[in-house]
Each structure stands twice: as structure tokens, then as C-alpha cells.
Amino acid sequence: MIADFRHMTIRAQAAGLSAKDFTSEELTGHYLSVINDSDPEIGAYITVTGEEALAAARKNDERRAKGQTASLLDGVPGALKDNICTRGIRTTCASKMLEHFVPPYSATIADRLNEAGMVLLGKTNMDEFAMGQTSETSYFGPTKNPVDLTRVPGGSSGGSAAAVASGQAAFAIGSDTGGSILQPSAFCGVTGLRPSYGLVSRQGIVAFASSLDQAGPITQDVRDNALVLSVLAGRDPRDTTSLAVSADYTEDLEKGVKGLTFGLPAEFFGDGLQPSIRKAILDTADKLVSLGATLKEVHLPSLKLALPAYVLISSAEASSNLARFDGIHYGFRPADTTTLEDIYIKSRSEGFGPEVKRRIMLGTFALSSGYYDAYYRKAQLVRTLLAEEFKRAFESVSVLLAPVAPVTAWPLGQGITDPVQLYLNDIYTVPIGLAGLPALSLPVGRDESGLPIGMQLIGSRFTEPLLYRAGIAVEEVRS
Amino acid sequence: MNEYEAVIGLEVHVELSTARKIFCFCEIRENPEPNEQTCEVCTSLPGTLPVMNRDVVTSAVKAGLAVNGQINHFSRMDRKNYFYPDLPKAYQISQSQMPIVTGGHVDIETKDGARRIELTRIHLEEDAGKLIHLEGQGTLVDCNRCGVPLIEIVSEPDLRSADEAVQFLKKLRAILIYTGVTRARMQEGEMRCDVNVSVRKKGDATLGTRSEMKNLNSFAFVAKAIESEFKRQTELLEAGAEIIQETRRFDDKTGQSYAMRTKEDADDYRYFPDPDLVPIHLTAKEIDALAREIPELPDARKARYIKDYGISAYDAERLTEEMAIADYFERAAEHTGSAKTVANLLISDLPNLQKDRPLPDPLKLAAVADLQANGQINSSTTKKVLIALLESDIDPVAYVQAENLLQINDVDALRPYVDKVLTARANVADDYRSGKTKAMQSLIGMVMRETAGRANPVLIQALLEARLAEPDDKA
Ligand SMILES: [Zn+2]
């Protein structure tokens, strides 16, 4: 038995399980005790499924004893963001609206992980309906950054990133609409992938903005990330926007970056970028050159339009996606309603938090007759324009290298009063979702306050293998 | 009122008879228990996604081809957003900007001849659920119908009367049933109609302000709704009042419509492309393959009946209205020397006698037609035989022989009956002679009765006329 599992990778756990150094039940028990000790303070989980996890672990151990293993994840404990539906386990989206919602079905990715033998520790905290950058809009209270408990872990997948960073899960699944995997991974110092749109099934993931949402792995390092993505990715007949382009992402990881050209998009390094972040990223870039890579400056002139376009499109889709939470069929409905309209108004007024309501109102307005052309249609044009600009950039470079956020994790409670300022922090991640691209967020150092600095590798669509390959090189030069 | 005309456009919702729903794998069965025919997708639980049922696309394309519409190679599903408890997603997946079919037309026969009614479009959409109001116990939602596939066929405002609207609906229904994409049972709500009516002075080129009446599910209601709305709007115009654009509810019990809501408080549906569904792509090859699956349609059959059987256009239209009747007619027509008689029996005689009974064996109807066409039975005997056929499935030829129903076509055999009636009812004969020509019908009827209905009425009349033209015996 190994004393500290806390920062053991999935691969090391798989090796230990295989060598019978420990059992899945022991591993799971360890994680549950860490959760028990640290989570009251961190708040990474909304629901911990201890009993079920131990039962699943025992089953895995029995299976393994018979010489059967499902995958490298078999017996390894992980967590799912609480917007990923799990059969028989409540799925709240961190909202009062779904506080007691227990889905009778699982998301495709939850099924895939289950078939791969993952032990589910629980459901992680998040911004309500994945709307936020700090995980503070959760109805169940905020998650704190394990690196510095006075600071936010980022969002909206803050619970998933914090769980991995604090050793409360070997890995966790997050979801990303405009940076919700990339940014919390950067804030907590872990490795997160936002996959290309269409790589991972959205079936069973409660929608925020359907044309942007993608789930992806948050792990301790790049190799683990590739391993989890290999389980998640693949066409799902129940999500017609998913495509048959998946691969075994654990292959070709060691090919290096010799001969690759990395693009530095000038617009990502402008005013407002924290100097220590700029330095850490440019230093990393220089080190990649020493491994045989070349650097090239590229331009994405429409970057400044990305944020308003993102806010309009994501809010418009959200206003429609969240309309089903009307107090009629399921979810929260106050007791004192009289008429139909009363049910609608009270359920939605009391069931949703202020950030969710703000976005629903914004999106409803953007789609309204008379405003559609000025807002929604124009935002779609910007989206096309951005995708074109990225495409042009990728004609001369393999991977873009950029900061994830203009700043490192800020103190809890700081942004709540000024939503516009808060939205501006998404400037480097929203264009990726709009263009449907993959990006890998990974730590490249710490700032003067000791807070993790995240860098992202952005690729053209379905170049996840290339991002992982480059990510391994970054990990090498970083240490 | 003569100087006004109605301008009518229809939006017809037709349920496609696919095995499964449009976006999930729920089977569509007859009379399920409430909410039995549902899953997490069609009840719109969080995180679930729609998957387009390709059979639905295929059916819509066939419908489009059958009405000569243009099939669009790319079309797209949109979300129509509104809150109502029968709509669990709070949006209906429909088509707004890019429908699957554009244009098309339906040719109809009206009292004034043939007319072509142009179509605007056909689009795909999903049905909503059903609310069940329980007295004192609130309202329940049944989601069985959520996600049942529909096509909406939108006509141009080409119709000018209730009669034309009904003829259009009958023809459209026939075409779609022939094509095999729907059963379109009106009483089951498988075909429903929204009616837009405006009124203008005859000869005006501009359209008046229209009102809309939704969800009419019988031809009779459509006709009544149009007539009452035409009258209402004409009266308003006559009185110099303004027509308000509004949605009205037609009450089939009173035959009146009532204002529901005006344009000002109409919903803003906030249509936008549904990001959960990829666009529908159809290649020319796929469309051609489907075109080859379209069977012979009512107009083609109608033309064939006129040409091959010498049936009138009007009768051919009636025969082809229901595919089951047309199929039946063709089977019977194959076994008779007089398809025209079969057509008459089917159109004029059987509907009155049939009640709720099924149609008889077509070969037996063919036999009845032959008996009548050959002069072996007269029309009153034909009715007797048809009733026996419907009630007891008799063999017509054996039956008329056993029951001694063969028509008496022998003049010598008929003469004694004529003489007997003229003698016994001399007063009626006198009436005729004194110029009351109507008396002839009474005399024919009396001879008929004497022969137990078997006499050839044409011969009786000839005999009677000849006898009554003779000089009065008494004179
Ligand atoms: Zn279903």
C-alpha cells in the first residue's frame, strides 16, 4: 500500500491496481477520506456517492481478480460535473431548480466511463447551469481554490478542477461553453481539455448553449488527459452533432515538437494581460524553440468581437434551453401558486439565481422579433468571421500558444458586483468555443502570489493528438 | 353580399404515419395509456437531445413530390419558443426559414369547373402533448403525442369559398393517403386545419385584413367556420367597421367564432435554428429514388377511369377521393361488363344502404351490376339485392333466381297486369286522360306492386301509354 495517492496519476494507479499493490476499494476509500477531510472547506462536490463508489470498487476488484479489466481507467476513482446526468444520482446543475432532480438515464459519457470501469466518487460543484467564471453562482455555495482558499477556483467547472487539484479525485469531467474547462484548469494548476465541437457526445449533459457545449477531461497531466479522452470521444447516435473522428489519444504522445510551428496570436498578448502570465508563456515558447520548434506571430483581428458575439449566442441558446424549467413537469415549483402564469413566474423567479436570469433575459431579448437581425444574426456572422481567421492562422502554424485568462485566480466575492468586468475575463477562451476548436489548458508556472499560470494550446478542429503531443513537450520544458 | 368575396388560405397539419416519433425511438401505437408512449427525449428531460427520424424526412419528401412541390436539398429545423404545459421543452421544433418543400399545387373540381390551388410550402414539425382537465382535481398532461411527426402544408390564399376549401382538403387528403405517408383520419386528429379568411370587394387586387381560426378537424367545421366568418366580416365591412387581425376560436356547437387574441398580444416565437440538429441534406439521387416510389395518384386514376370506363369527371373524382374506394372499384370493375354501373352503385346506392357495414365482396357487387346492366333486375330490385348482400352476403345471381326477382321484360306477360290496374283504378286512368300527367307515375307504381316489383318500368310505361291513347272503351 502506497502512503499518498493524492498526486498519483491515473497511469500510476492503473499500474498499482494491476500489480495488486492496492485494490480499487482501498483507492476509493482513500479518496473518500480525503473528500471527508478537505471538502467541507473546498466545496468541490455537491453530491458524494460514497456507498455506491465503494460498491462499484469492490465489483471492479472482483472482476480484476478474475483477470478481467475494462480499460486503464478500471477501478480508478473520478468525478463528474453536476450537469452530467447520472441514472439514479441527483443531477442539480448547482441550481435550486434541479435540487432534487434524479435522472432516469445517464449521459453517454457517464455510460462510457462506467463501462470503462471508472469509480464515480460524486458530482462536482459548478456555476449554476454552467453560467459563470468563478463557481460562486452555485446554489450550494462556492467552491474555493485549493491552491489558495481565499480565491476562486475559476468556473464554471470549478468543482471538477478543484477536486483534481486537491487530490479529491484522480480525474474529473468538466464542460466548456466559453472557457469553463480551460479557465478553472488554469486557476487551479491542472490540465484540462476543451475538445473540438462534435468530438464528445453532449447527450445527457444539461445544455447551456448547445452549439458551444463540449465536455472534456480535467487531469493532473497531459498523458492522463489523453487517456480519459480516449474513453469519452466518439460518435454517439443519440447526438447527431457528434462525429466519428475519435482515436486512441494515448498513441504518438512522445513524438516531440521538432519541426512544428507555434503561432503566437498578437491579440492575445495585448493590454490587460498580467505581466507574469505573459512572461511565463513567452518563456515556455522560447523553450519549445530549443526543442526544435519555430515561433511565428499571427493575427486574429476580430478577437475583440468574440466576447459580445459569445454573450449573444450563448445567452440566446440558453434562453431556449432553460425554458423547459417551468415548474410544470419537474424541478422546483413553489407551493403557493394559483394560475398557470403564476406557476411559470414564481417557479422561474425563485428557482433560478440572478446570473442565470440575467442571461435568460439577455438571450430572450436578442432573439426577439425586431432585434434578431441586429443581435443574433450579426453574432453568427462574427462567429463565421472568427472561424475564418483561425483557419487562415492554421495555414501557417500547427498550434497556437496563448494565455488562458488575462489574470490568475482572483479573490472570492470580487466579481459578483460587476458582471461585465467578469465577462471580460473570458476574452481568451470564448473565441475557441465559437470556432469549435480544441484547446488544452496546462500549467506553466506560478505568479508572484504563488498562483498557477495557465497556458493554452489551441489547434484546428480534431487536432487533439497534436495538442497532446505539444502538451507533453511543454511539460518537459516546464520542469 | 354578392359584391364581396372571401379570400381563404389554409394551413393543414397532417400526422405522418411513421412507426416511430420524429426525434426519439418511441413507437407510435393506437390508444396507449396516458404517458405510456414516452421517453426522456419526448418528455424533454434535461440533457436529452433530438435525433431526426429519417423515415419522417422520407415521408415529407414524398408528400412534397405528390403535390408537385420543389424538394429543397438543404433544409433546417428551427425552434419555435413559447410556454404551454403541453410543450415540455417550452419550444416546438419546427421549420421556419428553410422548409423541406417549397411550392407545389393541388388541382380541384368545383361546381364551376377545375381549379389549381398553389401551395406556399410544406414543413416538418413535432406535435405537442394533450392536457386533460379533471373537474376539481386540476389538469394533467399526457405526453403521448409529444414528438409525433407532422407536416404542415400551407396554401396560398387561392381559395374563394367554403366549397373550394373543402374540395381542396378532400383532394389533399386523398393525395397524401395514396402516397402512403399518412392515414389522415380526421376524427383521430390526424388531419387538422387552420383557416385564414379575409373579405374584399370582388375585383379588388389587394387583400383585406384576415382572421385565423385554428385546429378545425372536420370538413363540415371548416365549411361552417368559413361561411360564418365570411358573413361576419362582410357585415362589418357593410357597416363601415374595421376588421381586426386576430385569432378566433370556432365553436362547432354554436357554429359561431369568438375572438381569442389580437395580433398585438400574439406570441413572439423567437425562432432560431435548432443547434441540436444538423441540417437535413437530400441529394438529387435520394429525391429521384423517392419519386419512383410515388404510386398512381388520384388525378391519374381519375383520368384513367374517364378514359377506360367512360365515367364522368364528377363521378371519377368521387370514386378517387378515398383510395380504399378506388381500389375496391377497380377490383369490381375487372369482373363486370359495366364498370359504369359499378360506379353508380358505389356512389349513389351503397352509401345510403351501407350504414356501418363493410363493403360487400367486390366480385358480388360486380355481379349485381351485371344483373342491372343486362336488364335482369330493375333498380328497385337492385336495392333489395344490395341490402341482402350487405346483410347476409348472399350470392346475387342465385338470390334473384331463388327469390323470383328477375325483371319481367316480356310484354305479353306484363299486359294482363296493366289491364288489371286500368280496370280496377279507372278513376286514375281518367285523371291521366284529362291531362293530369302525374297520374302516370301512380299507375306505374300500381303495376309494379302487382308484379311484386319485378316489372320493367320502361315497358310498363310504354304499355300504359299505348292503352290510354286508345279510344275510351266507355265512349
Ligand atoms: Zn420518446
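Just so you know, the sequences run in chain order A and B.
Residue numbers for the first sequence follow our numbering, so the first one is 19 and each next one is one higher.
Residue numbers for the second sequence follow our numbering, so the first one is 420 and each next one is one higher.
Heads up, the beta-carbon is just placed ideally off N, CA and C, and yes, glycines get one too.
Count the other CB atoms, across all protein chains shown, that sit within 10 Å of the CB of residue 36 of chain A; report buried if there are 16 or more and exposed otherwise.
The residue labelled residue 36 of chain A in the question sits at position 18 within the first sequence. Exposed, because fewer than 16 other Cβ atoms sit within 10 Å of the Cβ of residue 36 of chain A.
Using a Cβ-Cβ cut-off of less than 9 Å, list which residues of the stretch 452-466 of chain A approach chain B; keep chain order.
none
Could you tell me how far apart the beta carbons of residue 794 of chain B and residue 828 of chain B are, in whole angstroms, since I believe they sit closer than 8 Å?
One-based indexing of the second sequence puts residue 794 of chain B at position 375. One-based indexing of the second sequence puts residue 828 of chain B at position 409. Their Cβ separation, rounded to whole angstroms, is 6 Å, which keeps residue 794 of chain B and residue 828 of chain B in contact under 8 Å.
Measuring CA to CA, which of A/222, A/447, A/474 is closest to residue 518 of chain A?
With chain A covering 19 to 497 only, the question about residue 518 of chain A has no answer from this structure.
Short of 6 Å in beta carbon distance, which residues of its chain neighbour residue 462 of chain B, apart from the five on each side in sequence? Order them along the chain.
Within the second sequence, numbered from 1, the residue matching residue 462 of chain B stands at position 43. Excluding positions up to five away in sequence, the list reads 507, 562.
Show which residues of chain A have a CB atom less than 8 Å away from the CB atom of residue 748 of chain B.
Here residue 748 of chain B refers to the residue found at position 329 of the second sequence. By Cβ distance, chain A contributes nothing, its closest Cβ being about 45 Å from residue 748 of chain B, past 8 Å.
Using a threshold of 8 Å, state whether the C-beta atoms of residue 452 of chain A and residue 336 of chain A are closer than that.
Position 434 of the first sequence, counted from the start, is the residue given in the question as residue 452 of chain A. Position 318 of the first sequence, counted from the start, is the residue given in the question as residue 336 of chain A. Going by C-beta atoms, residue 452 of chain A is not nearer than 8 Å to residue 336 of chain A.
If distances are taken between C-alpha atoms only, which option among A/315, A/223, A/317, A/326 comes closest to residue 440 of chain A?
Within the first sequence, numbered from 1, the residue matching residue 440 of chain A stands at position 422. Taking only the C-alpha atoms, the option nearest residue 440 of chain A is A/326.
For residue 509 of chain B, which residues in chain A fall below 7 Å Cβ to Cβ?
Counting from one through the second sequence, the residue named residue 509 of chain B turns up at place 90. What residue 509 of chain B touches in chain A: 341, 342, 344.
Quick test of the definition: if touching needs 3 or more C-beta pairs under 8 Å, does the stretch 492-505 of chain B touch the stretch 685-696 of chain B?
yes
Roughly how many angstroms lie between the CA atoms of residue 676 of chain B and residue 572 of chain B, to the nearest whole one?
For the purposes of this step, residue 676 of chain B is identified with residue 257 of the second sequence, where counting begins at 1. For the purposes of this step, residue 572 of chain B is identified with residue 153 of the second sequence, where counting begins at 1. Each residue's Cα considered, the two are about 23 Å apart.
Return the chain-ordered list of same chain residues with a C-beta closer than 6 Å to the C-beta of residue 408 of chain A, the five sequence neighbours on each side being excluded.
Looking up residue 408 of chain A in the first sequence gives position 390. 453.
Closer than 7 Å: residue 445 of chain B CB and nearest ligand 1 heavy atom:
Here residue 445 of chain B corresponds to residue number 26 of the second sequence, with the count starting at 1. Answer for residue 445 of chain B: yes, Cβ within range of ligand 1.
Consult DSSP for residue 260 of chain A and reduce its assignment to one of helix, strand or coil.
Within the first sequence, numbered from 1, the residue matching residue 260 of chain A stands at position 242. Here residue 260 of chain A sits in coil by DSSP.
Give a yes or no on contact between the stretch 440-454 of chain B and the stretch 234-246 of chain A, applying the rule of three or more CB pairs nearer than 8 Å.
no
Quick one: does the C-beta of residue 457 of chain B sit closer than 7 Å to a heavy atom of ligand 1?
As a position in the second sequence, residue 457 of chain B is number 38, starting the count at 1. Yes, the Cβ of residue 457 of chain B comes within 7 Å of a heavy atom of ligand 1.
Which ranges would you report for the alpha helix (DSSP H) in the stretch 723-763 of chain B if only whole runs of at least 4 residues count?
732-740, 742-752, 758-763
Counting only beta-carbon atoms, is residue 462 of chain B nearer than 8 Å to chain A?
Start at 1 with the first residue of the second sequence, and residue 462 of chain B comes out as number 43. Judged by the 8 Å Cβ criterion, residue 462 of chain B is in contact with chain A.
Going along chain B in order, which residues have a C-beta closer than 7 Å to the C-beta of residue 362 of chain A?
On the first sequence, position 344 is the one that residue 362 of chain A refers to. Neighbours of residue 362 of chain A on chain B, chain order: 502.
With 8 Å set as the bound, which would you pick, yes or no: does the beta-carbon of residue 553 of chain B sit closer than that to a beta-carbon of chain A?
Taking the first residue of the second sequence as 1, we reach residue 553 of chain B at position 134. No, its Cβ sits nowhere closer than 8 Å to a Cβ of chain A.
List, in chain order, every chain A residue whose beta-carbon is nearer than 7 Å to that of residue 498 of chain B.
Within the second sequence, residue 498 of chain B is the residue found at index 79, counting from 1. What residue 498 of chain B touches in chain A: 338.
Taking its Cβ as the centre, do 16 or more other Cβ atoms sit within 10 Å of residue 493 of chain B, making it buried, or is it exposed?
In the second sequence, counting from the first residue as 1, residue 493 of chain B sits at position 74. The residue is exposed, with fewer than 16 neighbouring Cβ atoms inside 10 Å.
From the DSSP output, which residues share a beta bridge with residue 118 of chain A?
Looking up residue 118 of chain A in the first sequence gives position 100. In DSSP, residue 118 of chain A forms no bridge with anything.
Run the CB neighbour count on residue 51 of chain A, radius 10 Å, all protein chains shown included, and call it buried at 16 or more, exposed below.
Locating residue 51 of chain A in the first sequence gives position 33, counting from the first residue. Per the 10 Å Cβ criterion, exposed.
Just checking: is the beta-carbon of residue 387 of chain A within a distance shorter than 8 Å of some beta-carbon in chain B?
As a first step, residue 387 of chain A is located in the first sequence; it is residue number 369 there, counting from the start. Judged by the 8 Å Cβ criterion, residue 387 of chain A is in contact with chain B.
Under 9 Å Cβ-Cβ, which residues of chain B neighbour residue 328 of chain A?
On the first sequence, position 310 is the one that residue 328 of chain A refers to. Under the 9 Å cutoff, chain B gives no residues; its nearest Cβ is about 14 Å from residue 328 of chain A.
Are the beta-carbon atoms belonging to residue 219 of chain A and residue 127 of chain A less than 8 Å from one another?
Looking up residue 219 of chain A in the first sequence gives position 201. Looking up residue 127 of chain A in the first sequence gives position 109. In contact: residue 219 of chain A and residue 127 of chain A (Cβ atoms closer than 8 Å).
Closer than 7 Å to a non-hydrogen atom of ligand 1 - does that hold for the CB of residue 548 of chain B?
Counting from one through the second sequence, the residue named residue 548 of chain B turns up at place 129. The answer is no for residue 548 of chain B.
Neighbourhood of residue 366 of chain B by C-beta, 7 Å cutoff - its chain only, sequence neighbours within 5 removed:
Summary: the structure shown does not reach residue 366 of chain B, with chain B confined to residues 420 through 894, and so no result is reported for it.
By alpha-carbon positions, which one of B/487, B/486, B/454, B/441 ends up nearest to residue 472 of chain B?
Here residue 472 of chain B is taken as the residue at index 53 of the second sequence, counted from 1. Looking at the Cα atoms, B/441 is the closest of the given residues.
Can you tell me which of the three DSSP states residue 821 of chain B falls into?
As a first step, residue 821 of chain B must be located in the second sequence, where it is residue number 402. DSSP places residue 821 of chain B in helix when its eight states are reduced to three.
Can we count residue 575 of chain A as close to ligand 1, meaning its CB is less than 7 Å from some heavy atom?
Residue 575 of chain A lies beyond the range of chain A shown here (19 to 497); nothing can be said about it.
Apply the 10 Å Cβ neighbour rule to residue 444 of chain B and answer buried if 16 or more other Cβ atoms are within range, or exposed otherwise.
Start at 1 with the first residue of the second sequence, and residue 444 of chain B comes out as number 25. Classification of residue 444 of chain B: exposed, given that the 10 Å Cβ count is below 16.
Entirely enclosed alpha helix (DSSP H) segments - the stretch 219-300 of chain A, minimum 4 residues:
240-250
Return yes when the Cβ of residue 25 of chain A is within less than 8 Å of the Cβ of residue 185 of chain A, no when it is not.
Sequence index remark: in the first sequence, residue 185 of chain A carries index 167 (1-based). Sequence index remark: in the first sequence, residue 25 of chain A carries index 7 (1-based). Going by C-beta atoms, residue 185 of chain A is nearer than 8 Å to residue 25 of chain A.
Closer than 7 Å to a non-hydrogen atom of ligand 1 - does that hold for the CB of residue 460 of chain B?
Here residue 460 of chain B is taken as the residue at index 41 of the second sequence, counted from 1. It does: the Cβ of residue 460 of chain B is within 7 Å (strictly closer) of some heavy atom of ligand 1.
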